[in-house]
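Trainee: First to last, the sequence lines map onto chains A and B. Read the first sequence against my numbering and you will find it ends at 688, with the numbers running on by one and no gaps. Read the second sequence against my numbering and you will find it ends at 688, with the numbers running on by one and no gaps. Beta carbons: idealized from backbone N, C-alpha and C, even for Gly.
There are 2 protein chains.
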Amino acid sequence: MLGEIIAIGNELTSGRIANTTSGFAARHLFTAGYEIHAMHTIGDSPSLIGEVLKAAINRVDFVVVTGGLGATDDDLTTEAVACALDRPTIPNLELLSQIRNHLDAISASPVSPLEKLAWLPQGAEALTLQARMSGYQLIHANKPIFFLPGVPYQMESLLLEQVLPRLAHWNHGRHLVTFQRIFKTFGMEEAAINRLIVNLNLDHSINIGYYPVFPEVHVSLTLRSPMATKAAALFEAACRSVEVTLGDVIYGQDQDSLAGVTGRLLKAANLRLATAESCTGGMIGHLLTQVAGSSHYYLGGVIAYANSMKMSSLGVEETLLAAYGAVSREVAEAMATGIRHRSKADIAISVTGVAGPDGGTIAKPVGTVFIGMTTENETAVHPFYFSGNRQQIQEITAKTALDLIRRYLLQQGRT
Amino acid sequence: MLGEIIAIGNELTSGRIANTTSGFAARHLFTAGYEIHAMHTIGDSPSLIGEVLKAAINRVDFVVVTGGLGATDDDLTTEAVACALDRPTIPNLELLSQIRNHLDAISASPVSPLEKLAWLPQGAEALTLQARMSGYQLIHANKPIFFLPGVPYQMESLLLEQVLPRLAHWNHGRHLVTFQRIFKTFGMEEAAINRLIVNLNLDHSINIGYYPVFPEVHVSLTLRSPMATKAAALFEAACRSVEVTLGDVIYGQDQDSLAGVTGRLLKAANLRLATAESCTGGMIGHLLTQVAGSSHYYLGGVIAYANSMKMSSLGVEETLLAAYGAVSREVAEAMATGIRHRSKADIAISVTGVAGPDGGTIAKPVGTVFIGMTTENETAVHPFYFSGNRQQIQEITAKTALDLIRRYLLQQGRT
Chain A
274 MLGEIIAIGN
284 ELTSGRIANT
294 TSGFAARHLF
304 TAGYEIHAMH
314 TIGDSPSLIG
324 EVLKAAINRV
334 DFVVVTGGLG
344 ATDDDLTTEA
354 VACALDRPTI
364 PNLELLSQIR
374 NHLDAISASP
384 VSPLEKLAWL
394 PQGAEALTLQ
404 ARMSGYQLIH
414 ANKPIFFLPG
424 VPYQMESLLL
434 EQVLPRLAHW
444 NHGRHLVTFQ
454 RIFKTFGMEE
464 AAINRLIVNL
474 NLDHSINIGY
484 YPVFPEVHVS
494 LTLRSPMATK
504 AAALFEAACR
514 SVEVTLGDVI
524 YGQDQDSLAG
534 VTGRLLKAAN
544 LRLATAESCT
554 GGMIGHLLTQ
564 VAGSSHYYLG
574 GVIAYANSMK
584 MSSLGVEETL
594 LAAYGAVSRE
604 VAEAMATGIR
614 HRSKADIAIS
624 VTGVAGPDGG
634 TIAKPVGTVF
644 IGMTTENETA
654 VHPFYFSGNR
664 QQIQEITAKT
674 ALDLIRRYLL
684 QQGRT
Chain B
274 MLGEIIAIGN
284 ELTSGRIANT
294 TSGFAARHLF
304 TAGYEIHAMH
314 TIGDSPSLIG
324 EVLKAAINRV
334 DFVVVTGGLG
344 ATDDDLTTEA
354 VACALDRPTI
364 PNLELLSQIR
374 NHLDAISASP
384 VSPLEKLAWL
394 PQGAEALTLQ
404 ARMSGYQLIH
414 ANKPIFFLPG
424 VPYQMESLLL
434 EQVLPRLAHW
444 NHGRHLVTFQ
454 RIFKTFGMEE
464 AAINRLIVNL
474 NLDHSINIGY
484 YPVFPEVHVS
494 LTLRSPMATK
504 AAALFEAACR
514 SVEVTLGDVI
524 YGQDQDSLAG
534 VTGRLLKAAN
544 LRLATAESCT
554 GGMIGHLLTQ
564 VAGSSHYYLG
574 GVIAYANSMK
584 MSSLGVEETL
594 LAAYGAVSRE
604 VAEAMATGIR
614 HRSKADIAIS
624 VTGVAGPDGG
634 TIAKPVGTVF
644 IGMTTENETA
654 VHPFYFSGNR
664 QQIQEITAKT
674 ALDLIRRYLL
684 QQGRT
């Protein structure tokens with residue numbers, strides 16, 4: 274079943290807000306077996322909204338529209354739909370009473386702009402009765418159109434809880450089975466990965482995509498087929514070939530993150546990690562603690578941004594800083610051993626570098642980074658020379674630190 | 274002058290990669306005075322690429338196409354263009370020689386897939402001769418079409434350095450003057466802001482947009498006019514009304530970030546900050562150090578994720594943790610005074626809370642957060658009860674901490 278997605282809002286066509294809802298809808302619709310023909314982003318113009326919606330209904334089997342459903346004055350979607358599809362808006366009484374109950378609970382104002390949310394195009398069915406959220410379904414020309422709010426977390430929950438089940442019902446029996454796996458890699462360039470995979474001569478029915486997601490490269494294998502069993506075997510064989518060929522360059526699959534995978538390895542090895550960050554300013558800790566349950570293996574650490582913090586909180590000697598500079602192999606080592614000693618962690622990682630745009634010298638240009646790692650038995654410092662802007666250097670430094678831990682733990686697991 | 278943007282790639286229509294390039298292009302084209310009629314995202318299908326491109330050229334004055342120009346096998350844009358616009362590809366010899374020089378420097382392989390980048394549709398002009406980057410301009414039906422790589426940092430530099438100057442030349446003398454200002458707010462709900470601004474009765478030529486960007490709300494004022502001087506006065510008057518009405522709820526404008534604004538205030542007051550983070554795990558430090566020059570006012574801090582770190586690195590007493598729990602007013606206070614004492618900072622902030630999804634109790638459910646702030650003269654702890662998922666609670670906690678510092682410094686500046 275083919276669909277199109279339409280996102281509405283001047284904030285999107287002026288580029289001020291990144292459109293994350295269309296991608297979210299596309300991802301979940303795709304994995305549920307639907308094909309997305311095209312996605313459109315258009316401004317708050319009622320005539321253009323109507324035009325694009327009518328054209329999409331003619332082309333495909335269903336349409337998902339996001340944005341422009343709110344209570345503020347720039348929310349024009351319902352008005353545009355009413356006009357384009359000739360369905361005047363009428364109040365949904367159940368919705369209206371919910372909104373009034375909600376308002377009674379928080380304020381005394383008799384008429385609120387929120388009541389606008391209860392006026393829907395004739396024939397529309399509300400997807401939710403929650404007073405702060407809008408969303409409805411309209412069957413037009415015997416095809417379902419779903420209207421969802423543009424606010425990502427609202428849109429996302431309605432898509433998962435309302436749109437996907439309704440579409441599955443509608444679509445009954447017309448599925449293609451979709452197999453897709455994303456291999457997430459770190460530490461090899463896209464062109465090199467492409468060369469290795471081309472040499473595998475995988476079955477031509479398997480679609481392969483290469484996506485640099487700085488500083489990672491993601492590789493997708495996709496197979497769509499009406500024959501589930503045969504396709505499953507073919508797909509699994511292709512995935513195994515890719516895994517064998519890329520080896521440890523693959524850190525994970527699908528929803529995995531480098532921090533999550535590194536955390537799982539730490540937990541499996543029953544090791545506790547501490548961090549000492551200078552140029553990344555807390556980003557390694559932030560990546561680690563985005564993962565629920567990270568308290569099982571991450572103790573915390575020190576953000577030693579100023580030299581005074583390197584001395585007072587990590588015990589780095591002033592003479593070392595004076596002799597070698599804060600960005601040096603020696604200071605990286607002292608930071609790593611300092612945090613391990615003070616936190617009593619099993620393994621500690623340290624980073625010190627020049628993230629820029631200022632602070633570079635001829636000897637240590639912007640992008641110079643030292644990453645130290647220490648355990649009970651060994652201590653090593655790795656120098657790196659990254660390129661990019663400040664944010665990119667911080668991100669590649671933080672992820673390289675996580676990847677060093679990951680590769681160390683994989684190595685340990687094998688010996 | 275009207276334009277459309279077309280982004281190409283199965284990774285986008287399957288929702289696996291967020292399309293950031295279209296938004297970047299839209300933002301910069303919009304501020305340069307062009308209107309974006311629509312943005313389309315389509316898969317790696319040569320026939321659909323051709324169809325959408327031809328339709329766009331008929332509707333508008335220029336088109337920007339991103340993606341599908343690389344050397345891997347799923348890059349089909351040039352092929353599709355050659356076919357749709359009847360312009361067979363021919364090798365660009367200058368580009369070809371650059372690519373060969375580059376390859377000679379890094380490898381000995383005689384023929385590389387990278388050479389594909391040198392084959393352009395007849396009549397196309399290369400935008401860059403850098404060997405690892407593709408991009409070209411094609412004038413078709415007397416309208417410029419710009420083809421840019423889909424990799425964000427490559428696309429972004431070509432758009433700024435090549436597309437905007439070429440369009441300005443093309444467009445000479447047909448500009449509308451665009452005034453736009455984004456007010457970034459923290460701490461007031463979208464509907465409340467909308468109500469306050471509606472009451473101002475601003476001139477109807479001024480377009481107002483409201484955008485919740487969790488956990489902030491951004492408000493845009495836009496005015497487009499051929500009459501620069503008159504419009505400028507009207508626009509500035511409207512902006513002043515909004516500023517007066519929203520007051521300190523506005524933390525900044527346009528490219529400002531909460532961390533950047535808080536940093537500027539710290540620098541102006543000549544105060545140095547330190548942080549002690551538990552549930553945010555380094556995010557406050559990360560936000561602060563994303564800003565270039567943050568070493569002028571941010572010393573660093575401790576990520577005290579485990580209780581052992583709260584004791585060893587911040588001096589929190591074990592009896593305090595036992596009596597009140599890690600998530601408590603008392604521990605937040607001890608963390609703040611501990612980091613200020615140890616770092617010798619002028620001002621210190623601490624956060625401790627339950628980010629979830631686990632760890633909540635009836636007395637302290639997920640979302641319970643204590644934020645402590647201390648200076649030489651005073652210490653205060655603020656309790657919060659946030660809702661949302663783990664990432665949202667971490668983000669609203671980190672930004673609330675920054676906002677508390679900002680409001681404190683504004684207050685100090687006035688007395």
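According to a CB-to-CB cut-off of less than 7 Å, which residues of the region 576-610 of chain A neighbour chain B?
Mentor: Cβ contacts with chain B: Ile-576, Ala-577, Tyr-578, Ala-579, Ser-581, Met-582, Ser-585, Ser-586.
Trainee: Is Ser-551 (chain A) near Ser-616 (chain B), with beta carbons less than 9 Å apart?
Mentor: As a working note, residue 551 (chain A) is residue 278 in the first sequence. As a working note, residue 616 (chain B) is residue 343 in the second sequence. No.
Trainee: Tell me the DSSP secondary structure of Pro-383 (chain B) in three-state form.
Mentor: The residue given as residue 383 (chain B) occupies position 110 in the second sequence. A caution first: Pro-383 (chain B) carries a pLDDT of 49, below 50, which makes its placement in the model too unreliable to give a value.
Trainee: I want to verify the contact list: residues of chain B whose CB lies under 7 Å from the CB of Met-461 (chain A), in sequence order.
Mentor: Residue mapping note: residue 461 (chain A) aligns to position 188 of the first sequence, counting from 1. In chain order: nothing, as chain B lies at least about 14 Å away.
Trainee: If you check the beta carbons only, do Thr-294 (chain A) and Gly-340 (chain A) fall under 9 Å apart?
Mentor: Position 21 of the first sequence holds residue 294 (chain A). Position 67 of the first sequence holds residue 340 (chain A). Cβ atoms of Thr-294 (chain A) and Gly-340 (chain A): closer than 9 Å.
Trainee: Which residues of chain B have a Cβ atom closer than 7 Å to the Cβ of Pro-361 (chain A), listed in chain order?
Mentor: Looking up residue 361 (chain A) in the first sequence gives position 88. Within 7 Å Cβ-Cβ: nothing; Pro-361 (chain A) doesn't reach chain B, min ~25 Å.
Trainee: Pair every Cβ in the region 541-548 of chain A with every Cβ in the region 617-635 of chain A, then say whether three or more of these pairs are closer than 8 Å.
Mentor: Contact holds: three or more Cβ-Cβ distances are below 8 Å.
Trainee: In this structure, does DSSP put Tyr-426 (chain B) in helix, strand or coil?
Mentor: In the second sequence, the residue the question calls residue 426 (chain B) occupies position 153. Residue state, collapsed to three classes: helix.
Trainee: Can a CB atom of chain A be found closer than 9 Å to the CB of Cys-552 (chain B)?
Mentor: Sequence index remark: in the second sequence, residue 552 (chain B) carries index 279 (1-based). Yes, Cys-552 (chain B) lies at the interface with chain A (some Cβ there is under 9 Å from its Cβ).
Trainee: Is there a Cβ from chain A that is less than 9 Å from the Cβ of Leu-561 (chain B)?
Mentor: In the second sequence, residue 561 (chain B) corresponds to position 288, counting from 1. For Leu-561 (chain B), the answer is yes, since a Cβ of chain A falls inside 9 Å of its Cβ.
Trainee: If you draw a straight line from the alpha carbon of Arg-300 (chain A) to that of Ile-470 (chain A), how long is it in whole angstroms?
Mentor: The count along the first sequence starts at 1 and reaches residue 300 (chain A) at position 27. The count along the first sequence starts at 1 and reaches residue 470 (chain A) at position 197. Their backbone Cα atoms lie some 24 Å apart in a straight line.
Trainee: Are the CB atoms of Gly-629 (chain B) and His-559 (chain A) within a distance shorter than 9 Å?
Mentor: Taking the first sequence and counting its residues from 1, one reaches residue 559 (chain A) at position 286. Taking the second sequence and counting its residues from 1, one reaches residue 629 (chain B) at position 356. No, the Cβ-Cβ distance between His-559 (chain A) and Gly-629 (chain B) is not below 9 Å.
Trainee: Could you check whether the Cβ of Thr-339 (chain A) sits closer than 8 Å to any heavy atom belonging to the ligand ZN?
Mentor: With respect to the ligand ZN, the structure offers nothing, as it holds no ligand at all.
Trainee: According to the neighbour-count rule (16 or more other Cβ atoms, all chains shown, within 10 Å of its Cβ), is Leu-572 (chain B) buried or exposed?
Mentor: Within the second sequence, the letter at position 299 stands for residue 572 (chain B). That one is buried.
Trainee: Any C-beta of chain A sitting closer than 9 Å to the C-beta of Gln-665 (chain B)?
Mentor: By 1-based counting over the second sequence, the position of residue 665 (chain B) is 392. Yes - at least one Cβ of chain A is within 9 Å of the one on Gln-665 (chain B).
Trainee: Using 10 angstroms around the beta-carbon of Thr-688 (chain A), count the other beta-carbons present and answer buried if the total reaches 16, otherwise exposed.
Mentor: Along the first sequence, read from residue 1 onward, the residue named residue 688 (chain A) stands at position 415. The residue in question, Thr-688 (chain A), is exposed, as its Cβ has fewer than 16 Cβ neighbours within 10 Å.
Trainee: Checking contacts by CB at 9 Å: is Arg-289 (chain A) closer than that to chain B?
Mentor: By one-based count along the first sequence, residue 289 (chain A) stands at place 16. Closer than 9 Å: yes.
Trainee: Using CA coordinates, which residue listed in A:Ala-599, A:Val-534, A:Gly-482 is at the minimum distance from Gly-343 (chain B)?
Mentor: Locating residue 343 (chain B) in the second sequence gives position 70, counting from the first residue. Nearest C-alpha to Gly-343 (chain B): A:Gly-482.
Trainee: Contact check, Asn-374 (chain A) vs Leu-393 (chain A) under 8 Å by CB: the rounded distance?
Mentor: Counted from its first residue, the first sequence places residue 374 (chain A) at position 101. Counted from its first residue, the first sequence places residue 393 (chain A) at position 120. The Cβ separation is near 18 Å, so there is no contact.
Trainee: By Cβ distance below 7 Å, which residues in the same chain neighbour Ala-355 (chain A) in space, the five residues on each side in sequence not counted?
Mentor: Looking up residue 355 (chain A) in the first sequence gives position 82. Taken in chain order, the residues that qualify are Pro-361, Thr-362, Pro-394.
Trainee: For the region 323-377 of chain A, list the alpha helix (DSSP H) runs that are entirely contained and at least 4 residues long, ordered along the chain.
Mentor: As far as the region 323-377 of chain A is concerned, its whole alpha helix (DSSP H) runs of at least 4 residues are 350-357.
Trainee: Answer yes or no: does any C-beta atom of chain A fall closer than 9 Å to that of Phe-335 (chain B)?
Mentor: Within the second sequence, the letter at position 62 stands for residue 335 (chain B). So no, Phe-335 (chain B) is outside the interface.
Trainee: Using only CA atoms, which one of A:Gly-306, A:Gly-588, A:Glu-651, A:Ser-320 lies nearest to Leu-693 (chain A)?
Mentor: No answer is possible for residue 693 (chain A): the residues shown for chain A start at 274 and end at 688.
Trainee: Can you give the Cα-Cα distance for Ala-607 (chain B) and Val-589 (chain B), rounded to whole angstroms?
Mentor: Against the second sequence, residue 607 (chain B) aligns to sequence position 334. Against the second sequence, residue 589 (chain B) aligns to sequence position 316. Their Cα atoms are separated by approximately 6 Å.
Trainee: Below 9 Å on C-beta distance, what does Met-556 (chain B) contact in chain A?
Mentor: Taking the second sequence and counting its residues from 1, the one referred to as residue 556 (chain B) is at position 283. Neighbours of Met-556 (chain B) on chain A, chain order: Gly-555, Met-556, Gly-558, His-559, Thr-562, Gln-563.
Trainee: Using 8 Å for Cβ pairs, my map puts Thr-458 (chain A) next to Leu-519 (chain A). What's the rounded Cβ distance?
Mentor: Locating residue 458 (chain A) in the first sequence gives position 185, where the first residue counts as 1. Locating residue 519 (chain A) in the first sequence gives position 246, where the first residue counts as 1. Contact holds; Cβ gap of about 6 Å.
Trainee: Please check the pair Ile-557 (chain B) and Ala-671 (chain B), which I expect to be a contact at CB under 8 Å, by giving their CB distance rounded to whole angstroms.
Mentor: Mapped onto the second sequence, residue 557 (chain B) falls at position 284. Mapped onto the second sequence, residue 671 (chain B) falls at position 398. At roughly 5 Å, the Cβ-Cβ gap stays under 8 Å, so Ile-557 (chain B) and Ala-671 (chain B) are in contact.
Trainee: Check whether the Cβ of Phe-456 (chain A) lies closer than 9 Å to any Cβ atom in chain B.
Mentor: As a working mapping, residue 456 (chain A) is identified with position 183 in the first sequence. Closer than 9 Å: no.
Trainee: Using the rule of at least 16 other Cβ atoms within 10 Å of the residue's Cβ for burial, across every protein chain shown, is Asp-676 (chain B) buried or exposed?
Mentor: Residue 676 (chain B) sits at position 403 when you count from the first residue of the second sequence. Buried is the call here.
Trainee: Do Ala-353 (chain B) and Gly-323 (chain B) have their C-beta atoms within less than 9 Å of each other?
Mentor: Working through the second sequence from its first residue, we reach residue 353 (chain B) at position 80. Working through the second sequence from its first residue, we reach residue 323 (chain B) at position 50. Yes, these two residues count as a Cβ contact at 9 Å.
Trainee: Using the DSSP secondary-structure output, state which residues sit across from Phe-452 (chain B) in a beta bridge.
Mentor: Translated into positions along the second sequence, residue 452 (chain B) becomes position 179. DSSP output for Phe-452 (chain B) lists B:Leu-496 as bridge partner(s).
Trainee: At the level of alpha carbons, what is the spacing between Tyr-597 (chain B) and Val-604 (chain B)?
Mentor: Taking the first residue of the second sequence as position 1, residue 597 (chain B) is located at position 324. Taking the first residue of the second sequence as position 1, residue 604 (chain B) is located at position 331. Tyr-597 (chain B) and Val-604 (chain B): Cα-Cα distance of roughly 8 Å.
Trainee: To the nearest angstrom, how far is the alpha carbon of Pro-417 (chain A) from that of Gln-685 (chain B)?
Mentor: Along the first sequence, one-based indexing puts residue 417 (chain A) at 144. Along the second sequence, one-based indexing puts residue 685 (chain B) at 412. The straight-line gap from Cα to Cα measures roughly 57 Å.
Trainee: Can you tell me which of B:Arg-513, B:Asn-292, B:Tyr-578, B:Gly-288 puts its alpha carbon nearest to the alpha carbon of Thr-625 (chain B)?
Mentor: Position 352 of the second sequence holds residue 625 (chain B). Nearest option by C-alpha distance: B:Tyr-578.
Trainee: Taking just the CA atoms, how far does Asp-527 (chain B) sit from Glu-463 (chain A)?
Mentor: Translated into positions along the first sequence, residue 463 (chain A) becomes position 190. Translated into positions along the second sequence, residue 527 (chain B) becomes position 254. Cα to Cα, the separation comes out at about 35 Å.
Trainee: Taking DSSP as the reference, what is the three-state secondary structure of Val-517 (chain B)?
Mentor: For the purposes of this step, residue 517 (chain B) is identified with residue 244 of the second sequence, where counting begins at 1. Here Val-517 (chain B) sits in helix by DSSP.
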